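These notes concern the structure reproduced below.
In our numbering, the protein residues as written are 11 to 414.
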């Protein structure tokens, strides 16, 4: 699901001061169909992508949205995965140890979602409780998602089997692209400008709007920072990334295919990516000793590592130079849970900056924690252990083009 949150409605304030066409859209709602038919060709042109098939547009009730969200959250977190992720992030101090992740996400999404594009049914849905003046803004954003899905498989680039950091980066590409096209389209109506390049540093203008969205949304403001960022970063970081890509290339390439970011590091440092300097993360494999069972593992990435630093009172900038990471949630024969995290760095100086930032703050973790600087296959590395962790080791592999 790519969801149009309440954010596009708020962001639109930044910009606003026939028969042949109907073949482009199918809908049981004449008003939705008329709006979509009118704006769809222009959106396809601005997105830099081809409109290949008709787009289906429908309304849904909030009760139907709730059932859909329950289904999608269960799909996202099968077989106890939500509890394991909550445990791991609880050991890192990113969420409360007793947080019900599924319930929290459902409450958060119910507050935020105003419309959504469902790749499974290739249908765009708008909630039937949205005011008339909001419909066009919602349709603009979600129609871009429909166009995206006709040109690249949105489900595939955000698939559950991919690493967390890679999925977040792909989501940022999806949302940043749709938001930038939406802003440009609405800007044409409100200010007469026809190209986002005419607006200096639009991404900087986006920050205050997202801060306002955070303050005006009780559920969003009330969840841990890592969950807030899971909602906001795809918009803020994604817009900055796509904006840099467009400005550097002198055109408007969609952020997919060879331009699809593979890590949040690439989103956070978009100028390097746009110039072809793609810092590809290393893959880390963690080996666990006898007597311990690997329950779950994933990556944090530069974004969530920076959030961890901020959570314990350090600066996110100490995550600069991240070169790849892996965490593993472990359990021993007595049921004791622990976590081991390994990371590699581009330079020894960046590794030392991270250690200096985190080491004095280890007492902020909910259980005993230790941080060690070490060499990992010739690269500067770090190991963070939380709880009574066994002797674990890790090796480093290159992240090849075939992994994309």
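Virtual Cβ for every residue (Gly too), placed ideally from N, Cα, C.
Keep in mind that this is a model prediction, so the values were computed, not measured.
Inset, instruction - With DSSP collapsed to three states, give me the class of residue 115. - result: Here residue 115 sits in helix by DSSP.
Legend entry - Cβ contact (3+ pairs, closer than 8 angstroms) linking the stretch 297-312 and the stretch 266-281: Taking 8 angstroms as the limit for Cβ pairs, the verdict is that the stretch 266-281 does touch the stretch 297-312.
Legend entry - Alpha carbon of residue 14 to alpha carbon of residue 375, nearest angstrom: Only weak support is given to the placement of residue 14: the predicted model assigns it a pLDDT of 45, under 50, and the value that follows is read from those uncertain coordinates. Roughly 35 angstroms between the two C-alpha positions.
Inset, instruction - Tell me whether residue 81 sits in a helix, a strand or coil according to DSSP, three-state version. - result: Three-state DSSP puts residue 81 in a helix.
Inset, instruction - Assuming residue 357 and residue 390 form a contact by the criterion Cβ under 8 angstroms, report the distance between their Cβ atoms to the nearest whole angstrom. - result: With 8 angstroms as the limit, residue 357 and residue 390 qualify as a contact, their Cβ atoms being about 7 angstroms apart.
Legend entry - Where residue 386 falls: helix, strand or coil (DSSP): Strand at residue 386.
Inset, instruction - Report all residues from its chain with a CB closer than 8 angstroms to the CB of residue 281; omit the five preceding and five following residues, and keep chain order. - result: Within its own chain, the residues whose Cβ lies closer than 8 angstroms to the Cβ of residue 281, once the five positions on either side in sequence are excluded, are 254, 258, listed in chain order.
Inset, instruction - Determine the DSSP secondary structure at residue 126, reduced to helix, strand or coil. - result: In the three-state DSSP reduction, residue 126 falls in the strand class (E or B).
Inset, instruction - Starting from residue 294, follow its DSSP beta bridges and name the residues at the other end. - result: Paired residue(s): 406.
Inset, instruction - Can you give me the Cβ contacts of residue 50 inside the same chain, cut-off strictly under 7 angstroms, excluding the 5 residues immediately before and after it? - result: Only 34, 35, 61, 65, 153 meet the Cβ criterion.
Legend entry - residue 370 versus residue 103: straight-line alpha-carbon distance, rounded: Straight-line measurement puts the Cα of residue 103 at about 15 angstroms from the Cα of residue 370.
Legend entry - Span of the alpha helix (DSSP H) around residue 357: In this chain, residue 357 is not harboured by any alpha helix (DSSP H), its DSSP state being neither H nor E.
Legend entry - Which of helix, strand or coil DSSP assigns to residue 255: In this structure, residue 255 counts as helix in the three-state DSSP scheme.
Inset, instruction - Say whether the stretch 83-93 touches the stretch 324-343, bearing in mind that this needs 3 or more beta-carbon pairs closer than 8 angstroms, one atom from each stretch. - result: No, the stretch 83-93 does not touch the stretch 324-343.
Inset, instruction - Name the residue from 337, 166, 229 whose alpha carbon lies nearest to the alpha carbon of residue 297. - result: Here the closest residue by C-alpha is 337.
Legend entry - CB contact flag (residue 365, residue 379, <8 angstroms): The answer is no: Cβ separation not under 8 angstroms.
Legend entry - Nearest candidate by alpha-carbon position, reference residue 190, set 261, 57, 123: Of the candidates 261, 57, 123, the one whose C-alpha sits nearest the C-alpha of residue 190 is 57.
Legend entry - Assigned secondary structure, residue 168 (DSSP; H/G/I helix, E/B strand, else coil): Here residue 168 sits in coil by DSSP.
Inset, instruction - Please state whether DSSP places residue 394 in a helix, a strand or coil. - result: In this structure, residue 394 counts as strand in the three-state DSSP scheme.
Inset, instruction - Quick one: give me the first and last residue of the beta strand (DSSP E) that residue 95 is part of. - result: Taken as a continuous stretch (DSSP letters only), residue 95 belongs to no beta strand (DSSP E), being part of the alpha helix (DSSP H) at 91-101.
Inset, instruction - Report buried or exposed for residue 346, applying the criterion of at least 16 other Cβ atoms within 10 angstroms of its Cβ. - result: Here residue 346 is exposed. Its C-beta has fewer than 16 other C-beta atoms within 10 Å.
Inset, instruction - Measure from the alpha carbon of residue 117 to the alpha carbon of each residue in 407, 289, 354, 241, then state which is nearest. - result: Looking at 407, 289, 354, 241, the one whose alpha-carbon comes closest to that of residue 117 is 241.
Inset, instruction - With a 10 Å radius around its C-beta and 16 neighbouring C-beta atoms as the bar for buried, classify residue 163 as buried or exposed. - result: With fewer than 16 other Cβ atoms inside 10 Å of its own Cβ, residue 163 counts as exposed.
Inset, instruction - Kindly indicate which three-state DSSP category residue 86 falls into: helix, strand or coil? - result: Residue state for residue 86 is assigned as helix, using DSSP reduced to three classes.
Legend entry - Cβ shell of residue 385 (< 7 angstroms), same chain only, five flanking positions each side left out: Only 391 meet the Cβ criterion.
Legend entry - Member of 272, 225, 235, 216 whose CA lies at the smallest distance from the CA of residue 176: The candidate whose alpha carbon is nearest that of residue 176 is 272.
Inset, instruction - With distances taken Cα to Cα, identify the nearest neighbour of residue 306 among 186, 340, 167. - result: Of the candidates 186, 340, 167, the one whose C-alpha sits nearest the C-alpha of residue 306 is 340.
Legend entry - Closest by C-alpha distance to residue 106, when choosing among 407, 321, 398: Among 407, 321, 398, the Cα nearest to that of residue 106 is on 321.
Legend entry - Minimum Cβ-Cβ distance from residue 299 to chain D less than 8 angstroms: Checking the listed chains, one finds no chain D in this structure; it contains a single protein chain.
Inset, instruction - Compute the beta-carbon to beta-carbon distance between residue 71 and residue 138, rounded to the nearest angstrom, for a pair I have assumed lies under 8 angstroms. - result: Between residue 71 and residue 138 the beta-carbon gap is near 6 angstroms, inside 8 angstroms, which marks them as a contact.
Inset, instruction - Would you give the residue range spanned by the alpha helix (DSSP H) that residue 69 belongs to? - result: Careful: residue 69 lies outside any alpha helix (DSSP H), inside the beta strand (DSSP E) at 65-70.
Inset, instruction - Within its chain, find whatever has a CB closer than 6 angstroms to the CB of residue 129; leave out the 5 residues flanking it on each side and keep chain order. - result: Cβ within range, chain order: 159, 164, 165.
Inset, instruction - Please name the residue in 360, 80, 381, 300 whose C-alpha comes closest to that of residue 368. - result: That would be 381, whose Cα lies nearest to the Cα of residue 368.
Legend entry - Rounded Cβ spacing between residue 245 and residue 316 (contact assumed at less than 8 angstroms): Not confirmed; about 17 angstroms, so no contact.
Legend entry - Proximal residues to residue 167 (C-beta, below 7 angstroms), its chain only, five neighbours per side dropped: So the qualifying residues of the chain are 180, 270.
Legend entry - Collapsed DSSP secondary structure at residue 285 in the structure displayed: Residue 285 sits in coil when the DSSP states are folded into three classes, being neither helix nor strand.
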